[in-house]
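Numbering of the sequence shown is given in the UniProt record's numbering, commencing with residue 1 and proceeding in unit increments. Reading through the structure tokens given below for one structure.
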Amino acid sequence: MATQMFEGRGHAAVYQKYRFAPGKELKQTILSYLQEKASPAELVVDVGCGSGQGTRFLAEHFKKVVGTDISEAQIQEARDALSPPSVSYLVCPAEELPVEDASVDLLTSFTAAHWFDIEKFMREANRVLKPGGCLVLSTYTVDMSLHYGNCTEKLTKIFRESWDVLLKYSHNKIKHVREDYKEIFEAVPFPDKKRITDIFDKIPMTVADVVGYLESTSPYQAFKKNDPEAAKSLLQETEKRMLETMGVSSPETPVEFWVRHVCVLGCK
Numbered sequence: 001m002a003t004q005m006f007e008g009r010g011h012a013a014v015y016q017k018y019r020f021a022p023g024k025e026l027k028q029t030i031l032s033y034l035q036e037k038a039s040p041a042e043l044v045v046d047v048g049c050g051s052g053q054g055t056r057f058l059a060e061h062f063k064k065v066v067g068t069d070i071s072e073a074q075i076q077e078a079r080d081a082l083s084p085p086s087v088s089y090l091v092c093p094a095e096e097l098p099v100e101d102a103s104v105d106l107l108t109s110f111t112a113a114h115w116f117d118i119e120k121f122m123r124e125a126n127r128v129l130k131p132g133g134c135l136v137l138s139t140y141t142v143d144m145s146l147h148y149g150n151c152t153e154k155l156t157k158i159f160r161e162s163w164d165v166l167l168k169y170s171h172n173k174i175k176h177v178r179e180d181y182k183e184i185f186e187a188v189p190f191p192d193k194k195r196i197t198d199i200f201d202k203i204p205m206t207v208a209d210v211v212g213y214l215e216s217t218s219p220y221q222a223f224k225k226n227d228p229e230a231a232k233s234l235l236q237e238t239e240k241r242m243l244e245t246m247g248v249s250s251p252e253t254p255v256e257f258w259v260r261h262v263c264v265l266g267c268k
């Protein structure tokens, strides 16, 4: 069974507010691959969809998109967000999708596959995908940096120091992210597969967004559960240090958030 880390309604709301959608380069990588495979993608299932950031991107390009997640709170957030009529959402485990055998053209997961029971999920992927259907599993890595004027190095150092505190509370499944989805790639049951580890995106954010992103992570939520005051203090101190370094007072000051993605692609 998938590891459940994003269950609470409060966490789901923070996740919806601060988690960014797939960036331009990642989107292009995925769309180019599907074009190369001439995948019709009539039915797309986005697994571990959370509050629907990746699902809504898919809806811009494909006829019918179903987002699934094990968390009712996340699915409620996804349903509450504005989505095209071609999108629907279901609560279910990643390893037990309520779809027929060989019925899915494209199976995706954005920043979630590392939480799944990988062996069971791959069996399920093999069951639901049509012959010629595609599998796309991506995540952003911890290789992140912040850019603002001549403060890039200092801002990135502040961010990474905060992230290092949080990583002490990370689940052991984060190892898949640290290893660039190597084990997940090896588990894909199709010979036609590849792993791309050098997709870089620049995400426009504000200082408040960066702090909110930290708050949305599962290690922060574990830290908060363990020591609420220390967790709150970490976010406040991170924001304060960033603003002082930038020489500004508003948390709404824009910064550029650079992130490296990994993407595993396969065709049945």
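The beta-carbon is built from N, C-alpha and C at its ideal position, and this holds for glycine as well. Keep in mind the model is a prediction, meaning the values are calculated, not measured.
Query, Result
"Counted within 10 angstroms of its Cβ, other Cβ atoms place K225 as buried (16 or more) or exposed", "exposed"
"C-alpha distance - D209 paired with L235, whole-angstrom precision", "11 Å"
"Assigned exposure category for D227 - 16 Cβ within 10 Å defines buried", "exposed"
"Extent of the continuous alpha helix (DSSP H) to which K24 belongs", "24-36"
"Exposed unless 16 or more other CB atoms sit within 10 angstroms - verdict on H261", "buried"
"Cβ-based burial, L31 [other Cβ within 10 Å; buried from 16]", "exposed"
"DSSP bridge partner residues for K202 (one or two, in chain order)", "W258"
"Helix, strand or coil at S162 [DSSP, three-state]", "helix"
"Secondary structure of I70, DSSP reduced to three states", "coil"
"Collapsed DSSP secondary structure at T108 in the structure displayed", "strand"
"Same chain only: Cβ atoms within 7 Å of T29, ignoring 5 sequence neighbours per side", "I196, I199, C263"
"Uninterrupted alpha helix (DSSP H) stretches inside the stretch 175-243 (no shorter than 4 residues)", "175-178, 182-187, 207-216, 218-226"
"Member of N172, A231, E252, H176 whose CA lies at the smallest distance from the CA of T206", "E252"
"Beta-carbon proximity list for C267, same chain, < 7 Å, skipping 5 on both sides", "K37, G132, C134, F190, D192"
"T139, DSSP secondary structure in three states", "strand"
"CB contact flag (L26, D105, <7 Å)", "no"
"Bridge partner(s) assigned by DSSP for M144", "V259"
"Rounded Cβ spacing between A78 and L107 (contact assumed at less than 8 Å)", "Actually they are not in contact, since the Cβ atoms of A78 and L107 sit about 18 Å apart, beyond 8 Å."
"For G266: DSSP bridge partner residues", "L135, K193"
"Sub-7 Å separation of L155 and L146 beta-carbons", "yes"
"7 Å Cβ cutoff met for T68 and L82", "no"
"Straight-line Cα distance separating L97 from V87", "16 Å"
"Buried or exposed (CB count within 10 angstroms, at least 16 for buried), H171", "exposed"
"Whether G23 touches I203 by CB criterion (7 Å)", "yes"
"Endpoints, the beta strand (DSSP E) within which L58 is located", "Counting along the chain, L58 falls outside any beta strand (DSSP E), though it belongs to the alpha helix (DSSP H) covering 53-59."
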